[in-house]
Amino acid sequence: MKKKHSIGRFITLAVLCAIVLALTIFKFPLPAQWSDSDFYGFARAINLGIEYQGGTSYQYSVKSNSTKNFNLENGISSSMTRIKTLLENNLYTPNVYRNGDSVVVELLDEYSPVGITDIINADPYFAIKSEQSDTAEEKIKAEDVSTAYGTTSGSNIALIMTFTDAGKTKMADLTSSGSGTMYIYIGTTVLPLSYSEQISNGVLGATLGSGATLDQANYYASEIVCSKYDLSFEENGVTTFSKEDAKRNVIMAVCLTAGLFAICVAILCIVFKKLGLVGSLVMLMALLLQIILLQAVPIFVLTGPSLFASLLCMIIGAMSIYLMFNKMHSEYKMGKILYASVKFGYDKIWLSIFDMYLVLLFPSVITYFFGSYFVKQFAMALICGLSVWSFSTLLFTRSFSRWFTNISFKNKDYGFKREAHVDELK
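Our numbering puts the first residue of the sequence shown at 349, with every later residue one more than the last.
Put into structure tokens, the structure is as follows:
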């Protein structure tokens with residue numbers, strides 16, 4: 349009875365894996381009553397870097413034109429948010445990140461963009477006036493603001509500005525009448541604001557109108573900060589990845605993943621025979637779960653480093669399975685029967701395997717928060733991969749190997765051997 353149940357479980361898992369594999373690879377139309385779009389497959393839904401999607405990459409050096417001593421680091425961080433919004437407003441799909449002392453702008457699926465540098469170097473503008481007029485006096489300027497950021501306030505979106513000592517004095521003078529309206533000029537946008545808005549200890553909280561988004565508030569904040577730093581961007585180089593280049597890189601990535609998977613499966617099957625097929629099923633399920641997770645993480649982008657990290661997780665997972673099977677073999681060599689060898693072998697090594705994953709996972713989390721763009725993508729792939737493979741190898745290997753002992757009762761199906769002088773323990 350146990351044998352039939354175990355066979356049935358493996359058949360069910362094999363069918364399930366086949367279905368998920370099809371959903372991962374293939375694209376097909378959805379029924380009209382569900383959606384007007386197509387289902388693209390989990391693997392196709394992963395966010396691709398420019399080398400796998402195609403497009404044009406610009407690298408810019410950053411220069412501050414201000415005569416005052418400002419923190420250039422803060423200026424660059426704010427400028428990246430502003431650049432991304434400016435390009436999106438011009439109907440581009442940008443990816444903006446920092447690479448050392450330079451800012452890199454990637455335009456996906458764009459091969460002959462026009463006027464990118466002019467868009468990026470558009471002069472930011474910020475001022476608070478007492479009248480709604482382009483020629484009215486600027487009561488408060490960007491230099492009077494120390495920090496600015498967007499945030500949520502209940503169900504509303506707010507723009508928070510913290511003023512310098514000079515800015516506090518100017519704001520007090522502006523609102524001394526107790527009633528009236530000030531006008532905040534941010535780029536080409538004018539935000540009317542009554543004196544009754546939240547102004548406390550030099551902090552102004554401006555609630556944006558209905559329909560405003562947090563991204564919009566952050567853009568306003570970046571416009572304010574960039575007005576303060578007066579940065580300019582000089583183009584250092586342009587790299588274009590054609591559609592043919594991107595397609596070739598995708599094919600290479602798929603072949604590398606499939607080849608490495610096949611090598612790991614071959615090693616398991618050669619050493620552990622039919623038990624290696626159980627390990628192969630564990631690896632397949634872990635790989636599918638890894639792809640599903642990566643496409644579900646919006647901040648993940650498949651780049652060269654993140655692909656390497658994902659493949660590294662696969663190798664670590666295969667090594668974990670090998671070590672568990674090898675420990676089971678060691679228990680069999682000591683004279684235990686097959687079921688006991690599988691059970692006690694797993695029980696004696698799973699904690700060491702778990703510790704290994706934790707040792708690798710913690711540095712990956714720390715690296716994500718302090719690394720550059722490509723380091724972050726590498727760390728994110730490690731975090732997702734290690735999480736999936738640790739869960740899969742530890743849980744699935746335990747269950748599947750015990751199911752297998754209900755099906756096969758010969759040590760040769762496990763690749764296990766025992767010295768002739770060792771007696772079987774009862």
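No residue lacks a Cβ here, since even glycine has one placed at the ideal position from N, Cα and C.
Please read these numbers as outputs of a predicted model, since none were measured by experiment.
A distance of 7 Å or more separates the beta carbons of residue 575 and residue 408. Here the alpha carbons of residue 509 and residue 722 stand approximately 32 Å from one another. In this model, residue 760 and residue 352 are separated by some 21 Å (Cα to Cα). Comparing C-alpha distances from residue 658 to each of 712, 402, 682, 703 shows the shortest one belongs to 712.
A residue is called buried once 16 or more other Cβ atoms fall within 10 Å of its Cβ, and residue 706, having fewer, is exposed. In this structure residue 728 is in contact with residue 647, their Cβ atoms being roughly 7 Å apart against a cut-off of 8 Å. Uninterrupted beta strand (DSSP E) stretches at least 3 residues long and entirely within the stretch 707-763 do not occur. In the DSSP secondary-structure assignment, residue 539 is bridged to 532. As the crow flies, the alpha-carbon of residue 375 is around 16 Å from that of residue 602. Excluding sequence positions up to five before and after residue 386, its CB lies within less than 7 Å of the CB of 375, 376, 377, 378, all in the same chain and listed in chain order.
The residue among 500, 504, 538, 552 with its C-alpha nearest the C-alpha of residue 523 is 552. The C-alpha of residue 740 is placed about 8 Å away from the C-alpha of residue 631. The way I'd put it, the stretch 661-679 does touch the stretch 623-639; three or more beta-carbon pairs between them come closer than 8 Å. Closest in alpha carbon position to residue 579, among 758, 366, 427, 406, is 427.
Secondary structure of residue 662 (DSSP, three-state): helix. A residue is called buried when at least 16 other Cβ atoms come within 10 angstroms of its Cβ; residue 502 does not meet this threshold and is exposed. The beta carbon of residue 431 sits closer than 6 Å to the beta carbons of 444, 468 from its chain, once the five residues preceding and following it are set aside; these are given in chain order.
Exclusion of the five residues before and after residue 388 leaves 375 as the residues of its chain whose Cβ lies within less than 7 Å of its Cβ.
Here DSSP, grouped into helix, strand and coil, assigns residue 578 to coil. DSSP places residue 647 in the coil class of the three-state scheme, outside both helix and strand. Across the set 700, 697, 699, 677, the C-alpha of 677 shows the shortest separation from the C-alpha of residue 689.
Excluding sequence positions up to five before and after residue 438, its CB lies within less than 8 Å of the CB of 467, all in the same chain and listed in chain order. For residue 753 against residue 699, the beta-carbon gap comes to about 21 Å, at or over 8 Å, which does not count as contact.
By alpha-carbon distance to residue 421, the top candidate from 623, 451, 359, 479 is 451. For residue 505, the closest C-alpha among the options 396, 562, 518 is that of 562. Residue 736 is positioned such that its CB atom lies closer than 7 Å to that of residue 634. Distance between residue 627 and residue 411, taken at the CA atoms: about 55 Å. The C-beta of residue 557 has fewer than 16 other C-beta atoms within 10 Å across all chains shown, which makes the residue exposed. Residue state for residue 506 is assigned as strand, using DSSP reduced to three classes. Residue 483 and residue 464 have their C-alpha atoms spaced approximately 30 Å apart. When C-alpha distances from residue 615 are compared across 670, 765, 567, the shortest belongs to 670.
Contact between the stretch 582-594 and the stretch 391-403 is present: 3 or more CB-CB pairs across the two stretches fall below 8 Å. Minimum Cα-Cα distance from residue 498 among the listed residues 359, 507, 492, 490 corresponds to 507. When the five nearest sequence neighbours on each side are left out, the beta carbons in the same chain lying within less than 6 Å of the beta carbon of residue 435 are those of 442, in order along the chain. Excluding sequence positions up to five before and after residue 679, its CB lies within less than 6 Å of the CB of 689, 692, 693, all in the same chain and listed in chain order. One thing to note: residue 533 has its Cβ no nearer than 7 Å to the Cβ of residue 490.
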